[in-house]
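What the sequence shown shows, in our numbering, is residues 52 to 192, in sequence order.
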Amino acid sequence: MPYATQQDLIGRIGEDALIDLTDRADPPTGAIDATVVDEALGDADAIIDGHIRVRYALPLAETPPLLKRLAVDIAIYALHRFDVPELVAGRHSAAIDTLKGLAAGRVELPVADGSEAPAAPTEAVVQAPPRRLDRGSLEGY
């Protein structure tokens, strides 16, 4: 299940801007190229999955709004082939930082289906046979 859709991109930047970013035909068609959009959204999904799979079982039952926003920001950044506006680059950087926080456990996803992976143990456990030589058995030496 994709985290975001073409309609989510239109909602963020508008249809005209999405046409400008995706219409790469020569001559331009004046329409959104769904193949280019799908590729950018697929890349965003792969980046997100790569970060969150260490803490959450995939696929998620539903897409949290946070992941939709991150997917949109990453996809819009990917659609800019040449000059990336500062606002777009900043949102992309913030999205990647958020994904790193999700992977490290500093940020939590609101998932109700129990798909969160078990947390890593915080202390080491050592199992060994009992000691043969200790203070009591070495008392005369």
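C-beta atoms are modelled at their ideal positions from N, C-alpha and C, and glycine is treated no differently.
Computed from a prediction, not measured in an experiment: that's the story for all the values here.
Item, Value
"Please go through the same chain and pick out, in chain order, the residues whose beta-carbon is closer than 8 Å to the beta-carbon of P172, but skip the five residues on each side of it.", "Note that P172 has pLDDT 49, beneath the 50 cutoff, so the model's placement of it is unreliable and no number is given."
"Return the chain-ordered list of same chain residues with a C-beta closer than 7 Å to the C-beta of I125, the five sequence neighbours on each side being excluded.", "A95, I98, H143, A146"
"Considering only residues of the stretch 108-167, which uninterrupted alpha helix (DSSP H) runs meet the minimum length of 4 residues and lie entirely inside it, listed in chain order?", "116-130, 137-155"
"Measure the CB-CB distance between D59 and V139 and report whether it falls below 7 Å.", "no"
"What does a CB cutoff of less than 6 Å around L130 pick up in its chain, not counting 5 residues either side in sequence?", "L72, A91"
"Got a sec? Which residues, its chain only, sit under 7 Å from R75 by beta carbon, not counting five neighbours each side?", "D84, V87"
"Sort I127, I103, I70, D67 by Cα distance to Y55 and report the nearest one.", "In the sequence on display, residue 55 carries Ala and not Tyr. Answer by Cα proximity: I127."
"Just to confirm, is the Cβ distance from L109 to D100 under 7 Å?", "yes"
"Just to confirm my understanding: we take L160, look at its own chain, exclude 5 residues before and 5 after, and list those with CB closer than 6 Å. What are they?", "P115"
"In whole angstroms, what separates the C-alpha of E66 from that of R104?", "32 Å"
"Quick check on T149: buried or exposed, where buried means 16 or more other Cβ atoms within 10 Å of its Cβ?", "buried"
"Between I70 and G81, which are expected to be in contact by the criterion C-beta below 8 Å, what is the C-beta distance as a whole number of angstroms?", "7 Å"
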